[in-house]
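What follows is a short report on a single structure.
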Amino acid sequence: MQTEEFKTTKLWDKVQNAITTLQTTPDSIPQIRFAISKVRAAFHDYHMSIVSYIDYLVRVGTLECIEEREKIEDILDYHKHYVDTVVAEGNERKKELTAEMGSARLSSRASSRASSASSAALRAQARGDAAAAIKKAELEKKRNEIESQLALQIQQELALSRQKINEKAQLESHRESHRYRE
Numbered sequence: 001m002q003t004e005e006f007k008t009t010k011l012w013d014k015v016q017n018a019i020t021t022l023q024t025t026p027d028s029i030p031q032i033r034f035a036i037s038k039v040r041a042a043f044h045d046y047h048m049s050i051v052s053y054i055d056y057l058v059r060v061g062t063l064e065c066i067e068e069r070e071k072i073e074d075i076l077d078y079h080k081h082y083v084d085t086v087v088a089e090g091n092e093r094k095k096e097l098t099a100e101m102g103s104a105r106l107s108s109r110a111s112s113r114a115s116s117a118s119s120a121a122l123r124a125q126a127r128g129d130a131a132a133a134i135k136k137a138e139l140e141k142k143r144n145e146i147e148s149q150l151a152l153q154i155q156q157e158l159a160l161s162r163q164k165i166n167e168k169a170q171l172e173s174h175r176e177s178h179r180y181r182e
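Under the UniProt record's numbering, read the sequence shown as residues 1 to 182, first letter to last.
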């Protein structure tokens, strides 16, 4: 089971690297689109590995495996929500860029027609830019909250797993000491 956990941890690291790449991608629609596809592909690999591991745990069917499966399903749901949020942020950036490009085209046409129309377009663009900046900040705050919650949950799960391993080792040691006494 530990090799499977190691494998899924490495796959999740790839997902996080793809997310970081997406979040640091310059404001270019094709680059954002490519980065989103990388996040989705990395998460797909991670998801398939987790599903395979869950199938294994179901086949084994011990109480410990059932508990492990439930824990992993919770983590998977949380990871899926996190990735969906990040992808939604990327798609929102694409929409904002598309809108900015459209408003820039409209603004340049309007400025050639009349300076008052140009001024109105610039004000509208400034309002749109401000709204986009606020939305981006809100999404960033939400992403940071999710990352913090995820990190805390993973730490708690690791602590619980270590505790179970230690308890199991103590139980085995206790059993061995009773065998030698008999």
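A virtual CB, placed ideally from N, CA and C, is assigned to each residue, including glycine. Just so we're clear, the structure is a prediction, and the values are computed from it rather than from any experiment.
- Within the same chain, Cβ atoms closer than 7 Å to the Cβ of VAL58 are found at ARG69, the five residues on either side in sequence being excluded.
- Taking a contact to require three or more Cβ pairs closer than 8 Å, the region 11 to 21 and the region 32 to 48 qualify as touching.
- When C-beta atoms of the region 62 to 77 are compared with those of the region 22 to 40, fewer than three pairs fall below 8 Å, so the two segments do not count as touching.
- Between VAL83 and ILE36 a beta carbon distance of about 10 Å is seen, past the 8 Å cut, so the two are scored as non-contacting.
- For GLY61, the secondary structure class from DSSP, reduced to helix, strand or coil, is coil.
- Using a 10 angstroms sphere on the CB of GLN170, the tally of other CB atoms stays under 16, which defines it as exposed.
- Exclusion of the five residues before and after GLU157 leaves LYS71 and ILE75 as the residues of its chain whose Cβ lies within less than 8 Å of its Cβ.
- Note on GLY102: under 16 other CB atoms within 10 angstroms of its CB, so exposed under the neighbour-count rule.
- Selection PHE6, LEU22, LYS80 and VAL60 evaluated against ARG93 yields LEU22 as nearest (Cα-Cα).
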